[in-house]
Amino acid sequence: MKHTNTVFHQLLKVIPRSRFEAVVRRNHGDHRVRKLSCWQQFTVLLFAQLGGCRSLRDVVAAWGSHAGCHYHLGSGKVKRSTLADANASRPFQIYLELFYWLLGQTRAGQGTGKEMVRLIDSTTIDLCKQQFEWAHFRSGKAGVKMHTVYDPDAKVPTFFSISMAKCHDRKAARNMPLLPGATYVFDRAYNDYAWFNEMCEKDIRFVSRMKSNARFETIETIAVTDSGVREDAMIRLTSARGKEQCSQTMRRIRFVREGDDKELIFITNDLKRTAGEIAALYKERWQIELFFKWIKQNLKIKTFFGTSENAVKIQIIIAMIAYLLLHMASRMVPNNRSMQQLARLVTTNIMHRRDFLELLIEKDPPGKPTSAETHRQMTLIHA
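Be aware that the sequence shown starts at 4, since it is given in our numbering, and climbs by one per residue.
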């Protein structure tokens, strides 16, 4: 009889156990640990993400109901208090390093094909002030921010960091690893003249919205040919801060959006693309907004299994690992299944012993039976 692993086990096979243990040793994750190794913690929390568990009690109960599957996963029974302690104390860096290794596997073999474009944005994850006092940022509120660099072509985050919600986007952006030759697209919250100057010096291109109160002088006007473009000009910043922090010549584009006639003013150091292409690049920002919406709707990053800062970080990082695993799975078969459909399939079948590829392949629904088939069916006669 053919043995088939659970859907969860098949997803987990993407991560070699030897690789995981090497990461744990580097971060001393299992040092003096007597119960619940990092691998066990990881499998349980990943199960919670993919299985749709809502609370720590729910996680332990759901995991315990599948005791027959634990051995093949290299895991075992988990107590709620033990898992809570592990979430509070194990280094979150273990799972962050694992995320970036898995990201490398996700992107392996993908050709660039065109110029590299990245989207930068952040999303705030609200927390309860009474339970997460360390995350206080506003009267009566608490939260953390997830600062993200997103690849719109591969549809994966290439970098993310977690900070307190009070951390300004500009400050977080200075710690992002930006690549020379790439183009980064972001909104007005990231307007930082010193950062703009730094990117120009490092041959990093950017596209952003210009602040309405920005002071500048026009150096040269560029002929307008693209639809929707009202003005295209080379400028130099003239405010005291602008002169001090950014001496570069930049480009200002005034664009009227089709549909609602809203005027958008862009600032960029990209002198090669047309004004229409710059406007189209900024329009791609909606993709990172959709990414944030997707992970909040389909993964567990709105309610948490622990109240410490470490527990919150571990849960968010493992949610991102779950996203990468689902993304890799979505590329396994050439069909029209969305990530939403895939996530629901995995949640429903997570501990079922079914071939994952067969699960992904969308089969046609059974057709209407022929008259011959109907004739062969048993007829029930009521006396």
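No residue lacks a Cβ here, since even glycine has one placed at the ideal position from N, Cα and C.
Remark: C-beta atoms of aspartate 129 and histidine 150 do not approach each other more closely than 8 Å. Glutamine 318 and leucine 284 have their C-alpha atoms roughly 32 Å apart. Annotated three-state conformation of arginine 57 is coil, per DSSP. Secondary structure at histidine 75: helix, using DSSP grouped into helix, strand and coil. The continuous stretches of alpha helix (DSSP H) do not include serine 341, and DSSP gives it neither H nor E.
Taking the Cα positions, methionine 335 is about 12 Å away from leucine 14. If you check the CB distance, phenylalanine 295 and leucine 59 do not come in under 8 Å.
Assignment of beta-bridge partners to tyrosine 98 by DSSP yields no partner. Listed in chain order, the alpha helix (DSSP H) elements of length 4 or more contained wholly in the region 221-287 are 243-248 and 278-286. Here the region 54-72 makes no contact with the region 287-294; the two share fewer than three CB pairs at distances below 8 Å. In this structure, Ser125 is the residue among Cys131, Ala145, Ser125 and Lys132 with its C-alpha nearest to the C-alpha of methionine 179. Taking 8 Å as the cut-off, the beta carbon of asparagine 200 is found closer than this to the beta carbon of serine 250.
Nearest to lysine 286 by C-alpha distance, out of Glu223, Phe258, Ile298 and Asp273, is Phe258.
Around lysine 316, the same chain offers Phe95 and Ile165 as residues with beta carbons nearer than 6 Å, after the five sequence neighbours per side are excluded. Each residue's CA atom was taken as its position, placing isoleucine 256 and phenylalanine 219 some 13 Å apart. Taking all protein chains shown into account, asparagine 216 has fewer than 16 neighbouring C-beta atoms within 10 Å of its C-beta and is therefore exposed. With respect to the 8 Å criterion, serine 230 and glycine 262 are not classified as neighbours on the basis of their beta carbons. Within its own chain, the residues whose Cβ lies closer than 6 Å to the Cβ of isoleucine 353, once the five positions on either side in sequence are excluded, are Val10, Phe11, Leu53 and Gly54, listed in chain order.
Assignment of beta-bridge partners to methionine 354 by DSSP yields no partner. Taking all protein chains shown into account, lysine 148 has 16 or more neighbouring C-beta atoms within 10 Å of its C-beta and is therefore buried. For a cut-off of 8 Å, the C-beta gap from threonine 109 to leucine 327 is around 5 Å, short enough to register as a contact. Counting the other CB atoms within 10 Å of its CB gives arginine 93 a total of 16 or more, which places it among the buried residues. Taking C-beta atoms under 8 Å as the contact rule, arginine 20 and glycine 107 fail to qualify, at a distance of about 18 Å. Per DSSP, aspartate 88 is one residue of the alpha helix (DSSP H) stretching across 83-92. Pairing arginine 254 with leucine 274 gives a Cβ-Cβ distance under 8 Å. Distance from the CA of alanine 175 to the CA of glycine 79, rounded to the nearest whole angstrom, comes to 39 Å. When C-alpha distances from serine 84 are compared across Val63, Tyr74 and Trp104, the shortest belongs to Val63.
Under the criterion of beta carbons closer than 8 Å, threonine 127 and alanine 192 do not qualify as touching, at roughly 12 Å. Per DSSP, the unbroken alpha helix (DSSP H) holding aspartate 172 starts and ends at 172-176. Leucine 348 carries a helical assignment under DSSP once its states are collapsed to helix, strand and coil. Distances from the alpha-carbon of leucine 122 to those of Leu105, Val81 and Lys158 put Lys158 closest. Within the same chain, Cβ atoms closer than 7 Å to the Cβ of isoleucine 298 are found at Ile304, Ala322 and Tyr326, the five residues on either side in sequence being excluded. In summary, glycine 32 is buried, with 16 or more beta-carbon neighbours lying within 10 Å of its beta-carbon over all protein chains present.
For alanine 157, no beta strand (DSSP E) encloses it, and the DSSP letter there is neither H nor E.
Here the alpha carbon of glutamate 118 sits roughly 46 Å from the alpha carbon of cysteine 72. Non-local C-beta neighbours of arginine 37 in its own chain, meaning closer than 7 Å and more than five positions away in sequence, are absent.
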